[in-house]
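I have placed the structure first, in the form of structure tokens, so that the comments after it can refer back to it.
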Amino acid sequence: MAHPPDPVAELLHVSKLYGSGDTLVKALDDLCLRLERGDYVAVMGSSGSGKSTAMNILGCLDRPSSGSYRLNGVPVESLDDDALADVRNRQLGFVFQQFHLLPQLSALDNVMLPMIYAGVPAEQRRQRARLALERVGLGQRIDNRPNQLSGGQQQRVAVARALINQPALLLADEPTGALDSQTTKEVLAIFDELNAQGITILLVTHEQEVGDRAKRVVQFRDGRIAS
Ligand code: ADP
Ligand code: MG
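Each residue of the sequence shown is one higher than the one before, counting from 1 in the numbering used here.
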């Protein structure tokens, strides 16, 4: 008998508090969020509504004050810091507004980097990185350094890097925030294609155009989901 597929990631009644006493801030307030395999979710909401805090928890960069985060069925709060770092490297891919590529490395070397930490043999690293760059349309630019690439191309290198260890979930915080409208379209086309290939994506954006491309939009307000 068919059973419902497990979610990739699930926040269960997650709260996050900063400070104490008079300065106590409830950045997340009993937040529940479920990401199915193949989901493509855009998180929107005004500044201070808790988007980055939620992203940091989903990315295992921060821990909830209370509640549970399950990634591929594993309660993340049960993991120590080493195990968490391993989860970050193997199960999660990150894309940031400012690309965060290493300027002294070629596109190929930037994409190879996460595989070094994951212990992939050297000969496989080069081959897989080359394929990943072809997948984002940069097969001809693998030897270029970031400053020899446009913003859209740099972000595509960052996407290739984020996907190189075949993560369960791709997280992107304002991935088009530093791009003009033409390069925004390029990067969104890549996200569409990746999602069509089954990759689960969650991104934070304040641009309606970006939100419209996702399968669903989750609106944050005061650390909770408003709609
Ligand atoms: P958004 O990304 O939607 O702008 P954030 O998740 O960054 O919102 O912030 C949510 C709330 O938590 C805000 O009130 C913010 O000031 C507060 N906050 C976020 N990070 C910290 C921190 N490290 N220390 C104290 N308060 C924080
Ligand atoms: Mg933010």
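Heads up, the beta-carbon is just placed ideally off N, CA and C, and yes, glycines get one too. If you're wondering where the values come from, they're calculated on a predicted model, not measured in any experiment.
Exercise for the section: Pick helix, strand or coil for R88, following the three-state DSSP scheme. Expected result: helix
Problem - Whether A160 touches R135 by CB criterion (8 Å) - result: yes
Handout entry: Contact test: K16 Cβ vs ligand 2 heavy atom, cutoff 7 Å
Key = no
Exercise for the section: Would you grab the beta carbon distance between L149 and A178 for me? Rounded to a whole angstrom, and I think it's under 8 Å. Expected result: Their Cβ separation, rounded to whole angstroms, is 13 Å, which puts L149 and A178 out of contact at 8 Å.
Handout entry: C-alpha gap between L234 and D222, whole angstroms
Key = Only positions 1 to 227 of the chain appear in the structure, and residue 234 is not among them; the question remains open.
Handout entry: Beta carbon of V111 nearer than 8 Å to that of P175
Key = no
Problem - Rounded straight-line distance, which links the Cα of G21 to that of A172 - result: 33 Å
Practice task
For the beta strand (DSSP E) holding E230, just list the boundary residues, first then last.
Solution key: This structure leaves residue 230 out entirely; the chain is present only between 1 and 227.
Problem - beta-carbon K51 near ligand 2 non-hydrogen atom, thresh 7 Å - result: yes
Practice task
Identify which residue in A118, S227 and V218 has its Cα closest to the Cα of I164.
Solution key: A118
Problem - Sheet register partners of P121 (DSSP bridge) - result: Its beta-bridge partners do not exist; DSSP assigns none.
Handout entry: Nearest-angstrom beta carbon gap, L188 and R213 [assumed within contact, 8 Å]
Key = 5 Å
Exercise for the section: May I ask you to check if the CB of S65 is nearer than 7 Å to at least one heavy atom of ligand 1? Expected result: no
Practice task
Check whether the Cβ of A27 sits closer than 7 Å to any heavy atom of ligand 1, and report yes or no.
Solution key: yes
Practice task
With distances taken Cα to Cα, identify the nearest neighbour of G45 among L28, A83 and D39.
Solution key: L28
Exercise for the section: Starting from the C-beta of A65, find all residues in its chain whose C-beta is less than 7 Å away, skip the five residues before and the five after it, and write them out in chain order. Expected result: Note that residue 65 corresponds to Ser in the displayed sequence, not to Ala. Here the set comprises S15, K16 and L17.
Exercise for the section: May I ask you to report which of helix, strand or coil DSSP gives R126? Expected result: helix
Handout entry: Nearest residue (CA-CA) to Q208, options H13, T184, E193 and A158
Key = T184
Practice task
With DSSP as the reference, label G67 as helix, strand or coil.
Solution key: strand
Exercise for the section: Return the CA-CA distance between R90 and P7, expressed in angstroms with no decimal places. Expected result: 17 Å
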